[in-house]
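**Student:** The structure under discussion is supplied below as structure tokens; questions concerning it will follow.
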Amino acid sequence: MPSAPATPPGPPTGGSVINLHDWRTTPKPTATSPGAAAIGGNTAYQPDQSDDPLTDLACTLEALYAEHERTLTDPATRQAFEIAMDATALMLQGALAQGHLTPEQHLTLHGMIEGMRSAPRAL
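Here the numbering used here is used: the first residue of the sequence shown is 597, the next is one more, and so on.
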């Protein structure tokens, strides 16, 4: 199983935005990986940078899954992703109920989760 990146994705030193393009340009699926067939057998899957943040997020997620020889175009993997998004939304709802998040913070984070949930449809 591939190891995690040397450093987790996060804001650059002193910055406040994660550069998704740097994150998704590392490992690529092999010709025999499940993801390779689902993405046309392209063993050098590395989408071009787009002007659409949702497409960029979808490509970043797909690259992350490809590192683990998975693809979000596979129905079972996509279903597992949806379950993880449901669990994350539930966690945020609990954090709101417990007073760990303000309603404004919850709304912002929930919107981000919903954006992430819709990203695989852009593949």
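C-beta atoms are modelled at their ideal positions from N, C-alpha and C, and glycine is treated no differently.
Can you give the Cα-Cα distance for L697 and A691, rounded to whole angstroms?
**Tutor:** Here residue 697 refers to the residue found at position 101 of the sequence shown. Here residue 691 refers to the residue found at position 95 of the sequence shown. Whole-angstrom Cα-Cα distance: 6 Å.
**Student:** Which one of T673, R717, M708, D670 has the shortest CA to CA distance from L688?
**Tutor:** Within the sequence shown, the letter at position 92 stands for residue 688. The shortest C-alpha separation from L688 is found at M708.
**Student:** Given 8 Å as the limit, is there contact between the segment 677 to 685 and the segment 648 to 656, that is, 3 or more CB pairs closer than that?
**Tutor:** no
**Student:** Tell me, please, whether the CB atom of L653 is closer than 9 Å to any CB atom in chain D?
**Tutor:** Absence of chain D from the displayed structure is noted, only one protein chain being present.
**Student:** Go ahead and label D652 buried or exposed: buried means 16 or more other beta carbons lie within 10 angstroms of its beta carbon, across all protein chains shown.
**Tutor:** Here residue 652 refers to the residue found at position 56 when the sequence shown is read from its first residue. D652 comes out buried.
**Student:** For P699, count neighbouring C-beta atoms within 10 Å of its own C-beta (all shown protein chains included) and say buried if the count is 16 or more, exposed if not.
**Tutor:** As a working mapping, residue 699 is identified with position 103 in the sequence shown. Its Cβ having fewer than 16 others within 10 Å, P699 is exposed.
**Student:** By the 10 Å Cβ neighbour count, where 16 or more other Cβ atoms means buried, how is R717 classified, buried or exposed?
**Tutor:** In the sequence shown, counting from the first residue as 1, residue 717 sits at position 121. It counts as exposed.
**Student:** Label E710 either buried or exposed according to how many other C-beta atoms from any shown protein chain fall within 10 Å of its C-beta, with 16 as the threshold for buried.
**Tutor:** Counting from one through the sequence shown, the residue named residue 710 turns up at place 114. Classification of E710: exposed, given that the 10 Å Cβ count is below 16.
**Student:** On a Cα-Cα basis, can you pick out the residue from M681, H702, L703, T704 that is closest to R713?
**Tutor:** By 1-based counting over the sequence shown, the position of residue 713 is 117. Nearest of M681, H702, L703, T704 to R713, Cα basis: M681.
**Student:** Using the three-state DSSP reduction, which class does G707 fall into: helix, strand or coil?
**Tutor:** If you number the sequence shown from 1, residue 707 lands on position 111. Here G707 sits in helix by DSSP.
**Student:** Could you give the distance in angstroms between the alpha-carbon of A685 and the alpha-carbon of T704?
**Tutor:** The residue labelled residue 685 in the question sits at position 89 within the sequence shown. The residue labelled residue 704 in the question sits at position 108 within the sequence shown. Roughly 12 Å between the two C-alpha positions.
**Student:** What did DSSP end up calling G690 once you bin it into helix, strand or coil?
**Tutor:** The residue given as residue 690 occupies position 94 in the sequence shown. G690 falls in the helix class under three-state DSSP.
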